[in-house]
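A.B. asks: Chains as they are written, first to last, in this note's numbering: chain A, 52 to 548; chain B, 53 to 321. Just so it is clear, CB atoms sit at the ideal spot from N, CA and C, and this is done for glycine as well. This structure is a prediction, so every number in the text was calculated from the model and none was measured. First the structure, which I've put down as structure tokens, then a few questions once you've had a look.
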Amino acid sequence: MTQTSSNKPSPTPPVLSRSTTSAELDTDYKWGFSLDIESDVAPKGLNEDIVRLISAKKDEPEWMLEWRLKAFRHWLKLKQQAPGWANIHYPPIDFQDIHYYAAPGAADKRPKTLDEVDPEVLEAFEKLGIPLAERERLAGVAVDAVMDSVSVATTYQESLEKVGVIFCPISEAIHNHPDLVKKYLGSVVPYADNFYATLNSAVFSDGSFAYIPKGVRCPMELMTYFRINQADSGQFERTLIIAEEGSYVSYLEGCTAPARKTNQLHAAVVELVAMDDAEIKYSTLQNWFPGDKDGNGGVYNFVTKRAKAKGRNSKISWTQVETGSAITWKYPSVLLDGDNSVGEFYSVALVNNHQQADTGTKMIHRGKNTKSIIVAKGISAGQGSSTYRGLVKVMPSATNAKNFTQCDSLLIGDQCGAHTVPYIEVKNPTAQIEHEASTSKVSDDQLFYCQQRGISTEDAHHIIINGFCRGIFQELPFEFAMEASQLLKVSLEGAVG
Amino acid sequence: MPSNSAPSGAPLLEIRNLHVSAGDLEILRGVNLTVNVGEVHAIMGPNGSGKSTLANVLAGRPDYTIDQGEVVYLGRNLLEMEPEVRAREGIFLAFQYPVELPGVRIWQFLKAAMDALRVHRGEEEMSAREFDQLLKQKVEMVQIDQDLVRRAVNEGFSGGEKKRNEILQMAMLEPKLALLDETDSGLDIDALRIVSEGINQLRSPDNAILLVTHYQRILDYVTPDFVHVLIDGRIVQSAGPELAHQLEAQGYDWLKETKDQPDLVDTGA
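This is the structure in structure tokens:
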């Protein structure tokens, strides 16, 4: 790495630097390439000046900067005490050894249109299966492509505008739709919510903003593809989706990163708000670099995702397939405020080699007749450790609340771990709570049965794991389900056979 | 012409002096058997005689140790082949206790199996449409419920459904050598008849069937060319289908007594 930036933070234009590929690991992770492009990188370290610099880079209004500074000052009070209750283990993170802002391309030539985007960046997204050029775009999917701290391009914006749907980088929304951002930013995940959410609130760079107006069924899938390229950088994206009364939207996110030797920090915040009769379906394929076979490198994925089912009959559905990251710490949750609102959480978390995942959900029932469904599937291989941690809370106001929880763990090999930590708090006697859990292994008999039909051990594992995840994959849009299935296969290479 | 096909009447499987153990327990103690293309052989014997072991060893189940002997399949050393290669080369085991594969639909499972077989033979994978048509045809042939193929493999199946599912798979994969491991056990008379009809339809001059059974009753429906009696890990008697009726009438004891002697000789060797 040849960072030439000085360690002295300043709001003056930061030094340009070029990242190199020398710090890459030799792994089978096929998304592990990095771009050797000119980048606009903030000096390492975090202080008030860096927060101001990020805000200045985005040419933000004063209210946004104030909000960031409020968060930053609160973060200082937390004294670098990251939450310690999760079943994950890693050396302390040096928060002063991270670049908090990195943008592909030189500082003085921000692309305004797709034609101005560095062809190398476009090529990189194409290589990742996300072509952005008009001719080759994914049909029926509007994509916001985010590299490091900035959105590179957003497709189909014009067609969405025709039906009143706003889909743009959040940095753009701050300028063009300040009232919406002011009203909803931090309304579901307050800046003081938790250590990483506070950090994100101070330094968040880009992410997506979507607004679906009253009665509109969003005509295409909205997708954000997150890519970390810059070495030693953190990615702190912020996503905000608002579904007005009677609207519907299906949103997808995918993510990858180069195979760097050092760990990279990813601390995102996602907030969803659904009004009366609105539905938001949020799907994630998380494929951040997981580190190599010996546990070197990989992304620390510390994410706060929360939705507010605010209106009557509103519905939030989280579906996640988590195969990447060295460490995953995330609990996509639903605040079931509206009467008759529904919250769903469907999850597959796979750990291999030395990966660790502590993931689950929180379903907080406040409205009457609220319903939640949790289906969590954990797959552990190699020396991986997978923990399901979930909270079902029924408040006194939530008459006739219902929850069904199912947690299944599948173990491959004899050195991995699976843990289930369900919390149930019920403060209303009319609640109906069901919890089912199972742990199983891929048995020799199952493998032999497949082999006897001509199926190789590796394919047999793939088939059995797909069967195990069937209920979750059904929740994903079709192309995503295919990709998820492939991801599981690739992620398990070396662990089976 | 594929190198691994053999004309009717040619030797398909030759088992010579096969000794097999599981842990410290010696199960097969010198089995000799030749199966030619186009033949149906029934292996009968009392519980614990090694019938199922023989079928499983031929299919390549890893729980056993081959102590001695050889098995030649289509002129090749079968014991050196991985289980999945044996399957792709045309060996099919209808399991006595088929396992459940939760969430894996039968059609998905069969498609994966068909693809593996075809790729092994250097053929293209079957198109989804072609596969659907074939599956529909075979489902009718073995008289199983059309909805069964959309269910997960053996998950929540009755004993009869599990066995019929095995026969369906056999019909799809069209093996050269089918090993039926107590396919008749646990079936009521109607299910037995349906399963037997399936087997009879699959029986052809181009393949061979090794039918392992404890009871003679399935042989009322599927008439074998040869009946062998396996006792204490060795074939003690081989004859035509009439032997099955004799066993039905007299049991196995008369055979056990006559064959005790050579055992003593062997253990001293």
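Is the shortest distance between the beta-carbon of G155 of chain B and the beta-carbons of chain A less than 8 Å?
C.D. replies: Yes, contact with chain A.
A.B. asks: Exposed or buried, R140 of chain B, counting other C-beta atoms within 10 Å across all chains shown (16 or more means buried)?
C.D. replies: buried
A.B. asks: Return the chain-ordered ranges of every beta strand (DSSP E) run that is complete within the stretch 419-493 of chain A and spans a minimum of 3 residues.
C.D. replies: 422-431, 436-445, 453-462, 468-477 and 483-492
A.B. asks: Any beta-carbon of chain A closer than 8 Å to the one on H71 of chain B?
C.D. replies: no
A.B. asks: Compare the Cα-Cα distances from E207 of chain B to each of B:P150, B:L262 and B:I196 and report the closest residue.
C.D. replies: Nearest C-alpha to E207 of chain B among B:P150, B:L262 and B:I196: B:P150.
A.B. asks: Under 8 Å by Cβ, that's how I've got A296 of chain B and V279 of chain B pegged, so tell me the actual separation to the nearest angstrom.
C.D. replies: Yes, A296 of chain B and V279 of chain B are in contact; Cβ-Cβ is about 5 Å, under 8 Å.
A.B. asks: Taking V151 of chain B as the query, report the chain A residues whose CB atoms sit under 8 Å from its CB, ordered along the chain.
C.D. replies: S494, D496, Q497 and Y500
A.B. asks: Please state if the CB of T438 of chain A and the CB of H486 of chain A are separated by a distance shorter than 8 Å.
C.D. replies: The criterion of a C-beta distance shorter than 8 Å is not satisfied by H486 of chain A and T438 of chain A.
A.B. asks: Around the C-beta of D242 of chain B, are 16 or more other C-beta atoms found within 10 angstroms, so that it is buried, or is it exposed?
C.D. replies: exposed
A.B. asks: Quick check on the burial criterion: 16 or more other C-beta atoms within 10 angstroms. Buried or exposed for V232 of chain A?
C.D. replies: buried
A.B. asks: Consult DSSP for T249 of chain A and reduce its assignment to one of helix, strand or coil.
C.D. replies: helix
A.B. asks: What first and last residue would you give for the beta strand (DSSP E) that runs through I263 of chain A?
C.D. replies: First-last of the beta strand (DSSP E) with I263 of chain A: S259 to I263.
A.B. asks: At a CB-CB cut-off below 8 Å, which residues of chain B make contact with D465 of chain A?
C.D. replies: Going along chain B, no residue has its Cβ under 8 Å from D465 of chain A, so there is no contact; the nearest lies around 17 Å.
A.B. asks: Indicate whether the contact test is met: 3 or more Cβ pairs, each with one atom in the stretch 173-185 of chain A and one in the stretch 129-137 of chain A, closer than 8 Å.
C.D. replies: no
A.B. asks: At a cut of 8 Å, does the stretch 373-386 of chain A reach the stretch 405-414 of chain A through at least three beta carbon pairs?
C.D. replies: yes
A.B. asks: Quick one: list the residues of chain A neighbouring R113 of chain B, beta-carbon separation under 7 Å, in chain order.
C.D. replies: Neighbourhood of R113 of chain B in chain A, by CB distance below 7 Å: F499, in chain order.
A.B. asks: Q268 of chain B by DSSP, collapsed to three states: which one?
C.D. replies: It is coil, neither helix nor strand.
A.B. asks: Is any beta-carbon of chain A found at less than 8 Å from that of P59 of chain B?
C.D. replies: Taking 8 Å as the CB threshold, P59 of chain B stays off the interface with chain A.
A.B. asks: Closer than 9 Å between beta carbons: that is the criterion. Which residues of the stretch 252-263 of chain B meet it against chain A?
C.D. replies: Residues of the stretch 252-263 of chain B with a C-beta atom less than 9 Å from some C-beta of chain A do not occur.
A.B. asks: Output the residue ranges of the alpha helix (DSSP H) runs that lie fully inside the stretch 244-306 of chain B and measure 4 residues or longer, sorted by chain position.
C.D. replies: 294-302
A.B. asks: So, is E526 of chain A buried or exposed, given that buried needs 16 or more other C-beta atoms within 10 angstroms?
C.D. replies: buried
A.B. asks: Below 8 Å, how does it come out for the stretch 138-153 of chain A and the stretch 91-105 of chain A: are there three or more Cβ pairs, yes or no?
C.D. replies: Yes, since at least three Cβ pairs between the stretch 138-153 of chain A and the stretch 91-105 of chain A fall closer than 8 Å, the two stretches touch.
A.B. asks: Any beta-carbon of chain A closer than 8 Å to the one on A301 of chain B?
C.D. replies: no
A.B. asks: Would you say the stretch 112-132 of chain A touches the stretch 210-218 of chain A, given that touching needs at least three Cβ pairs under 8 Å?
C.D. replies: no
A.B. asks: Which partner residues does W380 of chain A have in the DSSP bridge list?
C.D. replies: A:F353 and A:D409
A.B. asks: Name the DSSP bridge partner or partners of Q371 of chain A?
C.D. replies: A:T335 and A:S398
A.B. asks: Would D510 of chain A count as contacting chain B if we go by Cβ distances under 8 Å?
C.D. replies: Between D510 of chain A and chain B, the shortest Cβ-Cβ separation is below 8 Å.
A.B. asks: Please list, in chain order, all residues of the same chain as G102 of chain B whose beta carbon is under 7 Å from its beta carbon, the five residues on each side excluded.
C.D. replies: I79, L80, L282 and G285
A.B. asks: Beta-carbon within less than 6 Å of Y304 of chain B's beta-carbon, same chain only, minus the 5 sequence neighbours each way: which residues are those?
C.D. replies: P98
A.B. asks: Look up H140 of chain A in the DSSP assignment and say whether it is helix, strand or coil.
C.D. replies: coil
A.B. asks: Can you tell me whether L291 of chain A is buried or exposed? The criterion is at least 16 other CB atoms within 10 Å of its CB, across all chains shown.
C.D. replies: buried
A.B. asks: Could you check if D315 of chain B is buried or exposed, using at least 16 other CB atoms within 10 Å of its CB as the buried criterion?
C.D. replies: With a pLDDT of 44 at D315 of chain B, under the threshold of 50, the modelled position of this residue cannot be trusted, and the question is left open.
A.B. asks: List, in order along the chain, the chain A residues whose C-beta lies closer than 9 Å to that of L169 of chain B?
C.D. replies: Ordered by position in chain A, the residues that pass the 9 Å Cβ test against L169 of chain B are R504 and G505.
A.B. asks: Go through its chain and collect everything with a Cβ distance to I118 of chain B's Cβ below 8 Å, but skip five positions before and after it.
C.D. replies: L70, H71, V72, V109 and L131
A.B. asks: How far does the alpha helix (DSSP H) with G211 of chain B in it reach, from first residue to last?
C.D. replies: G211 to L225
A.B. asks: Given this structure, state the Cα-to-Cα distance separating P276 of chain B from S507 of chain A, to the nearest angstrom.
C.D. replies: If you take the alpha carbons of P276 of chain B and S507 of chain A, they lie about 33 Å apart.
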